[in-house]
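Under the UniProt record's numbering, the first residue of the sequence shown is numbered 1, with each subsequent residue one higher. Where a beta carbon is used, it is the ideal one built from N, C-alpha and C, also for glycine. This structure is a prediction, so every number in the text was calculated from the model and none was measured.
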Amino acid sequence: MPYVKIEVTREGVTRKQKQELIAGVTQLITDVLDKDPHLTHVVIQEVELDDWGYAGEQVSVLREKGITAQRKQ
1 MPYVKIEVTR
11 EGVTRKQKQE
21 LIAGVTQLIT
31 DVLDKDPHLT
41 HVVIQEVELD
51 DWGYAGEQVS
61 VLREKGITAQ
71 RKQ
């Protein structure tokens, strides 16, 4: 029974995006590990920006500085 936990910062991940993550991760587990999708559990937990940090700073502070997690194009 695979269990996958996805943690993201609370920055407006939509219900549709969460569903896509759940479906995509479930399919990946099925394809790669040959596990039954009905026994695969995916949990998405949103974390407040003040409660997540990297590079020695809170994400809330980094966002105030204009530093985002958006993919560069």
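Straight through space, the alpha carbons of Val4 and Leu49 are spaced by roughly 22 Å.
Beta-carbon to beta-carbon, Val8 and Glu46 are separated by about 6 Å, close enough to satisfy the 8 Å threshold. Taking every protein chain shown into account, the CB of Thr26 has 16 or more other CB atoms within 10 angstroms, so this residue is buried. Burial is judged here by how many other beta carbons sit within 10 angstroms of a residue's own beta carbon; Ile29 has at least 16 and is buried. Assignment of Glu11 by DSSP, reduced to helix, strand and coil, places it in the coil class.
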